[in-house]
Amino acid sequence: MENQAKEKKLGILAGGGAYFLWGCLPVYWKLAGDVSDLEILAHRILWSFVFMVLLVFCFGKSKDVFGEITTILKQPKLTLAITLATLLISANWFIFIFSVNSNNILSASMGYYINPIVNVILATIFLKERLSNGEKIAVLSAAIGVIILTWSQGSIPWPAICMAMTFGLYGLIKKMVQINPWTGLTLETMIIAPFALIYLLFFAEHSFLSYSTQVDLVLVGAGIVTAIPLLLFAEGTKRISYTMIGFLQYLAPTLMLVMAVVIYDETFTLIQGISFLFIWIALIIYTASNLFRSAKSRKAAAN
């Protein structure tokens, strides 16, 4: 019992730490200064791969990880699925960096708030999971929030929607293929790293060491701030329930929202407030629905 409590505590710390670090990422990307969005993305991909390889060897996982990668690469369908996941997460990273550097952190925040609702929709379409009444109301409420924002801006909030969709589809593929997180992140970055290197060598506006020491360190550190939260998240999900992860996931967009308004003085209008309110209502209903379903399942299992 004591071990279970300790594991749960470690899981909450790991999962909470992952979402806290994700929530603080806007501050980190702002440190890159005038580096272009594509260049930041290329560095993020390349150094993530380098850092993951170092971690794999440091933790003595090289035999398992590279053995699993070899097995995956012998299966064309699985390789294609991982490649698609790689493209989706790369697109998600780019949209996030673009949102931060175009002073639109609020859009990134909205994207991560509506992500759970997008996950529900994707699960219904691709996994044939049935929506509960609570989930149907949550989807409707989130849709109203997005429609209000679209009406007020005169355009669809594409960054938020694309962030939620790319991350949702990425999560869906990962759920379907189910490979070790260490192997997954190493393979994903390995697939796209050569293209990132080619971009940096031949197409980037500036050579790597032409920036200040601070900016160079930020670019190299992009690999660390990418890999660490993902590995913490993987460790957290092994130790705590999916419901608890559901609560913790709201930490990142909430931090982004506060940063956008308090630190970076982004305008938060009344209409935006109303739009976010509908999305928050959707999340409350969604979470309550999940809690009710979990309690019902536990009760049925006990009987």
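Count the sequence shown with the numbering used here and you get residues 5 to 307, in order. Glycine included, C-beta positions come from ideal geometry on N, C-alpha and C.
| request: Assess, as a yes-or-no matter, whether the region 280-287 is touched by the region 139-153 under the definition of 3 or more beta carbon pairs within less than 8 Å. | output: yes
| request: Assess, as a yes-or-no matter, whether the region 263-271 is touched by the region 109-126 under the definition of 3 or more beta carbon pairs within less than 8 Å. | output: yes
| task | Give every residue of the same chain whose Cβ lies closer than 8 Å to the Cβ of K178, excluding the five residues on either side of it in the sequence, and list them in chain order. | result | As a working note, residue 178 is residue 174 in the sequence shown. Excluding positions up to five away in sequence, the list reads A89, G188.
| message | Could you check whether the Cβ of F70 sits closer than 6 Å to any heavy atom belonging to the ligand NAD? | response | Although the ligand NAD was asked about, the structure shown includes no ligands whatsoever.
| task | With a floor of 4 residues, list each alpha helix (DSSP H) that falls wholly inside the region 56-115, ordered by position along the chain. | result | 66-77, 80-105
| field | Endpoints, the alpha helix (DSSP H) within which A157 is located | value | Mapped onto the sequence shown, residue 157 falls at position 153. A small correction: the amino acid at residue 157 is Gln; Ala does not occupy that position in the sequence shown. Note, Q157: alpha helix (DSSP H), 137-157.
| message | Do L50 and A200 have their beta-carbon atoms positioned less than 7 Å apart in this structure? | response | Taking the first residue of the sequence shown as position 1, residue 200 is located at position 196. Taking the first residue of the sequence shown as position 1, residue 50 is located at position 46. Cβ atoms of A200 and L50: closer than 7 Å.
| field | Residue closest to P198, alpha-carbon to alpha-carbon, out of L17, V54, K13 | value | Numbered from its first residue, the sequence shown carries residue 198 at position 194. The shortest C-alpha separation from P198 is found at V54.
| From T258 to S113, what distance separates their C-alpha atoms? | What you label residue 258 is simply residue 254 of the sequence shown in a count that begins at 1. What you label residue 113 is simply residue 109 of the sequence shown in a count that begins at 1. Their backbone Cα atoms lie some 7 Å apart in a straight line.
| query | According to the neighbour-count rule (16 or more other Cβ atoms, all chains shown, within 10 Å of its Cβ), is Q8 buried or exposed? | reply | Translated into the one-based positions of the sequence shown, residue 8 becomes position 4. Exposed.
| query | Do you know how far the Cα of I76 is from the Cα of M194? | reply | Position 190 of the sequence shown, counted from the start, is the residue given in the question as residue 194. Position 72 of the sequence shown, counted from the start, is the residue given in the question as residue 76. In a straight line, the C-alpha of M194 is about 13 Å away from that of I76.
| query | Which one of Y254, G227, L131 has the shortest CA to CA distance from L59? | reply | Translated into the one-based positions of the sequence shown, residue 59 becomes position 55. Closest option to L59, Cα to Cα, is G227.
| query | For D38, which three-state DSSP category applies? | reply | Along the sequence shown, read from residue 1 onward, the residue named residue 38 stands at position 34. Residue state, collapsed to three classes: coil.
| said: Looking only at its chain, what residues have a beta carbon closer than 8 Å to the beta carbon of L204, apart from the 5 residues adjacent to it on each side? | reply: As a first step, residue 204 must be located in the sequence shown, where it is residue number 200. So the qualifying residues of the chain are E43, A46, H47, L50, F212.
| message | Quick check on R134: does DSSP put it in helix, strand or coil? | response | By one-based count along the sequence shown, residue 134 stands at place 130. Three-state DSSP puts R134 in coil, outside helix and strand.
| Ordered along the chain, which non-local residues of its own chain (more than five positions away) have a Cβ less than 6 Å from that of V69? | Translated into positions along the sequence shown, residue 69 becomes position 65. Excluding residues within five positions, the ones whose Cβ falls inside 6 Å are V60, W186, T187, T190.
| query | Around the Cβ of F63, are there at least 16 other Cβ atoms within 10 angstroms (buried) or fewer (exposed)? | reply | As a first step, residue 63 must be located in the sequence shown, where it is residue number 59. Under this definition F63 is an exposed residue.
| said: What residue range does the alpha helix (DSSP H) around Q253 cover? | reply: The residue you call residue 253 lines up with position 249 of the sequence shown. Q253 -> no alpha helix (DSSP H), and no H or E assigned at all.
| field | Cβ-Cβ separation, A256 to W26 (assumed contact under 8 Å), whole Å | value | To locate residue 26, count along the sequence shown from 1; it is residue 22. To locate residue 256, count along the sequence shown from 1; it is residue 252. About 4 Å separates the two Cβ atoms, so the contact holds.
| query | Where does T170 sit, in a helix, a strand or coil, going by DSSP? | reply | Residue mapping note: residue 170 aligns to position 166 of the sequence shown, counting from 1. Looking at T170 - three-state DSSP - the assignment turns out to be helix.
| message | How far does the alpha helix (DSSP H) with V222 in it extend, from its first residue to its last? | response | As a working mapping, residue 222 is identified with position 218 in the sequence shown. Its alpha helix (DSSP H) spans residues 217-243.
| task | Note down, in chain order, each residue of its chain lying with its Cβ closer than 8 Å to the Cβ of F98, except the 5 sequence neighbours on either side. | result | Translated into positions along the sequence shown, residue 98 becomes position 94. If we look at F98 and ignore the five residues flanking it on each side, its Cβ neighbours are D41, L42, L45.
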